[in-house]
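J.: Quick mapping for you: the protein sequence lines, in order, are chains Y and E. Quick note: the first sequence, position 29, residue 29 per our numbering, numbers continuous. In our numbering, each residue carries its 1-based index in the second sequence increased by 1000. Just so you know, even glycine gets a beta-carbon here, dropped at the ideal spot from N, CA and C. Every value quoted in this text rests on a predicted model; they were computed, and no experiment measured them.
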Amino acid sequence: MTTLSVAKSRTRPLISWRVRKLLIGYSYLVPAALCLLATVVVPIILAIKMSLYADVLYKPQDYRFIGLGNYVRLVQDPVFWLTLWNSVVWVFGSVILQFVFGFAAALLLQQAFRGRALVRTLTLLPWIIPGVVVGLIWQWLYQPNYGVINDLLIRAGWMQERIAWLSSPDFAMGAVVFTNVWRGIPFFAIMLLAGLQAVPDELYEAAHVDGAGVLARFWHITLPLLRPIIVVATATRIIWTFNYADLIFVMTGGGPANATQITSTYTLLQAYSSLDFGYAGALSVVLLLVMLAFTTVYLRVTKGVEET
Amino acid sequence: MDERRSISRRKLLHTLAGTGVIAAADLAWWDAPYIGPRKAWGAEPVRFQWSVPEPTRIALINSLVERFNQSQKDFAVQVEYVPQAQARQKLISSIAGGNPPDLCQVWDNWVGQFNGMGAVEDITARAKSWKHFADVAPTAWQTVTISDKIISLPLSVTLDGIYYRTDRLKELGLKEPTPDWTWDEFLSLAKAFTKADKNQYGYGMRGSGTWALLYPSEFAYANGAEVLKDGKVTINSKEAIDAVAWYVDLALKHKVTPPSAATDGFVEIVETFGRGVTSMYQHNSGSAGQQKKNVGAGNFATLPLPIGPANKRASFWFSETLTMFKGARNKEGAWQFMSFMLEEEPSLKYCATLGLLPARKSILEKPEFAKDPAQAGFVNSFPIGIVSPYLAYPGWGGKIDSDGVPLIQQAILGKISAKECLDRFADILKKEMS
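Following this line, the structure appears as structure tokens:
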């Protein structure tokens, strides 16, 4: 006897497979998004909130909402404008020179010579040493009374009087920029060297056969192929240097007379010397906006370069 | 065998044990070898932040903490060493985060700010019933008292004086300065010491850090000026301007300071003196120990600050304090350790090792301080000691660092006049008087 069973109708899932797949994909992002929220977004929101309050830690009785009061004060603060200008000199002076010398070092290290591996390792040394230690080393080198630099220059007969490199407003910024350049050259050298190694030799050979000289090969092959790396490396480095306060803090503390005070060290000074967290918050927000504006413009200007 | 000459085993053991006890008793207790911590099960921890971690101080504090932990079984002090540069930041963060240490070692110019934050424990009752209350110098109590509340114990006190090289004096055939010397004599000596072609300068001026502004302020007092008078800021008075102009002229006009003066901080003024670049500098007794190693105890001495045109002089008192926080979890343990540190032997050991002056009068009279030529200038400065006027308002300490120091640096460099420097600084102080 044959029994017939009625086939159950298949219930349609509440969420389609396509949507479910999408949700699963997003659920994998949740931990990272939460981390980002807790460590980046929330602090930014808190800093913005802080900047809208009179928040001097030793005056808890004066804590109140003041709207844009801290921003108005900032616009009227001549030291802020000085620090912003100093930041521009510090960032672009450092990054441009780091890039030029780093590129030169990368081109040299690309050549085959005996002991290349050792030289490449040694080139990394300034980058490996912690920033604070670099600051201390150079502070001693620059020391006017018993530092090596003055001593060598006087012995060589290139200088008659000792120069107070870090105590003179005319020399201090140049001296800290030079130290930062020394420290940052390996970063560009290694990044660009990696890029150079990825350039196919055939291109150079073909160009050589076509009669292209060294400069033409550099201009028409090396530079275009390295552009994506150059854009990313310089953008990263500019943002980094803008916020990098260690060297200045150790070497000059922003002095003499604010000659090396950049906005990030000024923010620290306001927060931890004056305990004025409201004003320090406003300075931090402005720093963030300046960097956001710069990054947007920079990426727009170099748009499409990565795909070159 | 003659029994009178033979020693029984029991007698030998007794003799050895007796010798050991005498030897141990003869050892200063802090020099006794550390055997191991006494087991103190259930001892409550006391978190203690220490902010000047250099080798001598670390060894000293470790030793004192071990002694305290061994001397009783209820509390176990745990030291948290923080570099001085980060100490203030770390304390502020921990106070704001609601997790301060039980106790910390800080200078009194920070305590006002912490007190303003409502973070410091009022220890008036404990201090007044403490057995050594009357033995602590009244001015030392003033440095740690705000609105009639005692908020710290003064571990040591400092007064500024002038260090000078006695060997250089002899070498150059110069007359030994006397404790009642004047500005003119100070300047003449600075000029005589200066041989720029040999990289030698008369005076190691401090241009960096809080004291870059406090030192010229002391000179201003010698010219009859005051920072605060009848509740009003008077740091830009004519007397103050004249004094600061005279002070910065040491660098600008007379060139008796090293070219790096505008950024020379504590390390630099101590180092340049130690290396023979400068022959005088202004500091408290805290670097006397360092100079004994650097130039030798017999090659330098100290003097009170010189007398100014107003026939006056003043040296600012500061205290290195032990401060307990309101948020401390173990206030009794913190107090026990604070008061232990001001007992005679720990205080004597601490101050004598580091070249600081004890806050307790009975300890200060000991020969370690009263008869040491390196300390003479500071001990003799007690009659001219006044509490730093910059402790008057909690916001002033921070403003000296953020605004005052850049201003005095500009004056030292000749970028602005002494008048402009003090007028601008006075405006800043006025805004912080609430």
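Spell out the partners DSSP gives residue 1278 (chain E) in its beta bridges.
T.: E:1201
J.: Under a three-way DSSP split, which group does residue 1326 (chain E) fall into?
T.: Taken through DSSP and simplified to helix, strand or coil, residue 1326 (chain E) comes out as coil.
J.: Can you list, in chain order, the residues of its chain whose CB lies under 6 Å from that of residue 132 (chain Y), leaving out five sequence neighbours each side?
T.: 246 and 250
J.: Between which two residues does the beta strand (DSSP E) containing residue 1158 (chain E) stretch?
T.: 1153–1158 is the extent of the beta strand (DSSP E) around residue 1158 (chain E).
J.: Taking only the alpha-carbon atoms, compute the straight-line gap between residue 50 (chain Y) and residue 1410 (chain E) and give it to the nearest angstrom.
T.: If you take the alpha carbons of residue 50 (chain Y) and residue 1410 (chain E), they lie about 32 Å apart.
J.: Pick out the complete beta strand (DSSP E) segments inside the segment 1280–1310 of chain E, 3 residues or longer, and give them in chain order.
T.: 1280–1283 and 1300–1303
J.: Between the segment 1250–1265 of chain E and chain Y, which residues of the former have CB atoms less than 9 Å from a CB of the latter, in chain order?
T.: Here the close residues are 1258, 1259, 1260, 1261, 1262, 1263, 1264 and 1265.
J.: Can you list, in chain order, the residues of its chain whose CB lies under 6 Å from that of residue 1287 (chain E), leaving out five sequence neighbours each side?
T.: Closer than 6 Å at Cβ, skipping near neighbours: 1270.
J.: Can the beta-carbon of residue 1176 (chain E) be found closer than 9 Å to that of residue 1169 (chain E)?
T.: yes
J.: Can you check the segment 1180–1241 of chain E for any alpha helix (DSSP H) of at least 4 residues that lies completely inside it and give the ranges in chain order?
T.: 1183–1193 and 1211–1222
J.: Can the beta-carbon of residue 1319 (chain E) be found closer than 9 Å to that of residue 1152 (chain E)?
T.: For the 9 Å CB-CB criterion, residue 1319 (chain E) and residue 1152 (chain E) form a contact.
J.: Let me check understanding here. Comparing Cα to Cα, which of Y:105, Y:147 and Y:156 lies closest to residue 164 (chain Y)?
T.: Y:147
J.: Should residue 1107 (chain E) be labelled buried (16 or more other beta-carbon atoms within 10 Å of its own) or exposed?
T.: buried
J.: Return yes when the Cβ of residue 1384 (chain E) is within less than 9 Å of the Cβ of residue 1181 (chain E), no when it is not.
T.: no
J.: Listed from N- to C-terminal order along the chain, which residues in the segment 154–183 of chain Y have their beta-carbon within a distance smaller than 9 Å of any beta-carbon of chain B?
T.: As a matter of chain content, chain B is missing from the structure shown, whose protein chains are Y and E.
J.: List, in order along the chain, the chain Y residues whose C-beta lies closer than 8 Å to that of residue 1348 (chain E)?
T.: Chain Y residues near residue 1348 (chain E): none, gap ~35 Å exceeds 8 Å.
J.: Look at the Cβ atom of residue 1380 (chain E), then the Cβ atom of residue 1303 (chain E), and state whether they are nearer than 9 Å.
T.: Yes; because the gap between Cβ atoms is below 9 Å, this pair is in contact.
J.: Would you report the Cα separation of residue 1293 (chain E) and residue 1202 (chain E), rounded to the nearest angstrom?
T.: 21 Å
J.: Using beta carbons (cut-off 9 Å, strictly below), is residue 276 (chain Y) in contact with chain E?
T.: yes
J.: When you compare the CB of residue 1097 (chain E) with every CB in chain Y, is at least one pair closer than 9 Å?
T.: no
J.: So if I threshold CB-CB distances at 7 Å, which residues from the segment 1379–1404 of chain E count as touching chain Y?
T.: Identification of residues in the segment 1379–1404 of chain E having a C-beta nearer than 7 Å to some C-beta of chain Y yields 1394, 1395, 1398, 1399, 1401 and 1402, given in sequence order.
J.: With a Cβ-Cβ cutoff of 9 Å, do residue 188 (chain Y) and residue 99 (chain Y) count as a contact?
T.: yes
J.: Here's the rule I'm using: 16 or more other beta-carbon atoms within 10 Å means buried, otherwise exposed. How should residue 113 (chain Y) be labelled?
T.: exposed
J.: Taking the beta strand (DSSP E) that residue 1050 (chain E) falls in, what are its first and last residues?
T.: Looking at the DSSP string, the run of the beta strand (DSSP E) that includes residue 1050 (chain E) is 1044–1050.
J.: At 4 residues or longer, what runs of the alpha helix (DSSP H) sit wholly inside the segment 1325–1397 of chain E?
T.: 1331–1341, 1344–1354, 1361–1364, 1367–1370 and 1373–1379
J.: Any contact between the segment 1115–1123 of chain E and the segment 53–73 of chain Y? By contact I mean 3 or more CB pairs, one from each, below 8 Å.
T.: Yes, the segment 1115–1123 of chain E touches the segment 53–73 of chain Y.
J.: With a cut-off of 9 Å, does the C-beta of residue 70 (chain Y) fall near any C-beta of chain E?
T.: no
J.: Can you grab the Cα-Cα spacing for the pair residue 236 (chain Y) / residue 225 (chain Y), in whole Å?
T.: Each residue's Cα considered, the two are about 19 Å apart.
J.: Can you tell me whether residue 1161 (chain E) is helix, strand or coil according to DSSP?
T.: strand
J.: Report buried or exposed for residue 200 (chain Y), applying the criterion of at least 16 other Cβ atoms within 10 angstroms of its Cβ.
T.: exposed
J.: Please list the residues of the segment 49–68 of chain Y that have a C-beta atom closer than 8 Å to any C-beta atom in chain E, keeping them in chain order.
T.: 56, 57, 58, 59, 60 and 62
J.: If we ignore side chains and look at the alpha-carbon of each, how far apart do residue 1277 (chain E) and residue 145 (chain Y) end up?
T.: 7 Å
J.: Have a look at Y:293, Y:167 and Y:266 and flag the residue whose alpha-carbon is nearest the alpha-carbon of residue 1251 (chain E).
T.: Y:167
J.: Mark residue 205 (chain Y) as exposed unless 16 or more other C-beta atoms lie within 10 angstroms of its C-beta, in which case mark it buried.
T.: exposed
J.: Determine, using beta carbons only, whether residue 228 (chain Y) comes closer than 9 Å to chain E.
T.: By this cut-off, residue 228 (chain Y) is not an interface position.
J.: Taking the alpha-carbon positions, what's the residue 46 (chain Y) to residue 185 (chain Y) distance?
T.: 36 Å
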